[in-house]
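See below for the structure under consideration.
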Amino acid sequence: MAQTPFLRLISRLTSSVLALFLCFPSATAWAQEIRLFRIGTGGLLGVYHPLGQALAEGITTATALPELIAVAQTSGGSVENVQALLAGEIEAGLVQADVALWALQGRGPFAGDDRGRHVRAVASLYPERLQIVTRRDADIRSITDLRGKSISLDEAGSGTLAVMRIVLEDHGLSEKDLSPVYLKPEFTTEKIISGGLHGFCLMAGTPAQAITTVMDQDLFMVPVAPEIAARISRRHPYLVPGMIPADSYEGVPETATIEVHALLLVHEDLDEALVYEMTATLWSEQTRFLLHQAHPQSRSVTLDTALQGLSVPLHPGARRFYQEQNMLPLETPAP
Numbered sequence: 000m001a002q003t004p005f006l007r008l009i010s011r012l013t014s015s016v017l018a019l020f021l022c023f024p025s026a027t028a029w030a031q032e033i034r035l036f037r038i039g040t041g042g043l044l045g046v047y048h049p050l051g052q053a054l055a056e057g058i059t060t061a062t063a064l065p066e067l068i069a070v071a072q073t074s075g076g077s078v079e080n081v082q083a084l085l086a087g088e089i090e091a092g093l094v095q096a097d098v099a100l101w102a103l104q105g106r107g108p109f110a111g112d113d114r115g116r117h118v119r120a121v122a123s124l125y126p127e128r129l130q131i132v133t134r135r136d137a138d139i140r141s142i143t144d145l146r147g148k149s150i151s152l153d154e155a156g157s158g159t160l161a162v163m164r165i166v167l168e169d170h171g172l173s174e175k176d177l178s179p180v181y182l183k184p185e186f187t188t189e190k191i192i193s194g195g196l197h198g199f200c201l202m203a204g205t206p207a208q209a210i211t212t213v214m215d216q217d218l219f220m221v222p223v224a225p226e227i228a229a230r231i232s233r234r235h236p237y238l239v240p241g242m243i244p245a246d247s248y249e250g251v252p253e254t255a256t257i258e259v260h261a262l263l264l265v266h267e268d269l270d271e272a273l274v275y276e277m278t279a280t281l282w283s284e285q286t287r288f289l290l291h292q293a294h295p296q297s298r299s300v301t302l303d304t305a306l307q308g309l310s311v312p313l314h315p316g317a318r319r320f321y322q323e324q325n326m327l328p329l330e331t332p333a334p
């Protein structure tokens, strides 16, 4: 995948900063030692980005590798993060479990691309829930009511768009039956308020800032019927029936939906010692504090659930960490 403008900008800025340091002899050795660790996240008003920023700060300040500088990069989301990971444009990425599995198996957006077999997991972080928010005056009370409506399905490269295509298909619909718009959630706010959009979709933890910023409007959370979610789950095992809790957004009752785990992924070829240190840092007291400060969804980010919902193999560095925590059996040496 070609670099996005944002990634190109990061690369240019990083190169410029390093070049500046190299102008000073006393900094030359340090500049030669520094190692940039890029983490692909999502849009600014989602959950991936604040958690990715907290993780980057934790890795930079708490890791046993002082030369490592971690940065969180915005992106289109899960699909784009996998593509960037496989292209060597990032070192780690936050990705939905279903999207990770598609990459591993060369299905869906990754059909015909066998590079996805190299994706590996570091941890399962928290459940992401499909949230379909509409203006109440649009008279949308079910998925089938989306027909003919102006709905933002998130941008190309997002896990939201991939899941919405599945949900629409199970209701006998496709994107062509809607008036689809492809915007990051943070770019839908004004259009929702003005009536330029009837609704938008987001696959994220709860609460999502993109939704809380417009909850003073008269909005409705469209459910995914449990029987439909169960049917989808039979074909896509990492998409499971779930609920948006009643306390997620003021005035919004508990709502049936579909959910999937958010995973932290790396490339299989990433150095084992580095991934081990990153995994240990992820579960350090300092990083967990930073995560808890970053977003309420981080309450679900726990070591106890780090192996739940994994859809791809663990990286050997991460596996070694969990074995030391007695969460996985030690591997028996070959005779």
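Residue numbers (numbering that gives the first Met the number 0): 0 to 334.
Positions of the beta carbon are idealized from the N, C-alpha and C atoms, including for glycine.
- For the pair P240 and C200, the Cα-to-Cα distance works out to about 17 Å.
- The Cβ atoms of I38 and I89 sit closer than 8 Å to each other.
- For the beta strand (DSSP E) assignment, the uninterrupted runs of no fewer than 3 residues enclosed by the segment 234 to 315 are, from N- to C-terminal side, 239 to 243 and 254 to 266.
- Remark: fewer than three beta-carbon pairs, one from each stretch, lie closer than 8 Å, so the segment 252 to 260 and the segment 269 to 278 are not flagged as touching.
- Beta-carbon to beta-carbon, L262 and L302 are separated by about 15 Å, too far to satisfy the 8 Å threshold.
- DSSP, reduced to helix, strand and coil, places P49 within a helical segment of the structure shown.
- If only complete runs of 4 or more residues are kept, the segment 139 to 213 shows the alpha helix (DSSP H) at 158 to 169, 188 to 193 and 208 to 211, in order along the chain.
- Nearest in C-alpha terms to P236, of all of P222, A96, L269 and K183, is A96.
- Contact check between the segment 177 to 189 and the segment 97 to 114: fewer than three CB pairs, one atom from each, fall below 8 Å, which does not count as touching.
- Looking at the backbone, the Cα of D113 and that of D144 are separated by about 38 Å.
- For L329, the number of other beta carbons within 10 angstroms of its own is below 16, and it is reported as exposed.
- A straight-line Cα-Cα distance of about 21 Å links G75 and V311.
- Taking C-alpha positions only, G92 is separated from D270 by approximately 16 Å.
- Taking C-alpha positions only, T187 is separated from M202 by approximately 15 Å.
- For the pair S247 and D217, the Cα-to-Cα distance works out to about 16 Å.
- Between the segment 281 to 293 and the segment 44 to 64 there are three or more inter-stretch CB-CB distances shorter than 8 Å, so the stretches are counted as touching.
- Pairing A137 with H197, the inter-Cα distance amounts to about 6 Å.
- Bounds of the beta strand (DSSP E) holding Q72 are L67 to Q72.
- Less than 8 Å separates the beta-carbon of V78 from that of A161.
- In this structure, the CA atom of V274 is about 10 Å from the CA atom of L264.
- E127 counts as buried, since no fewer than 16 other beta carbons sit within 10 angstroms of its beta carbon.
- Where V221 is concerned, the enclosing beta strand (DSSP E) starts and stops at L218 to V221.
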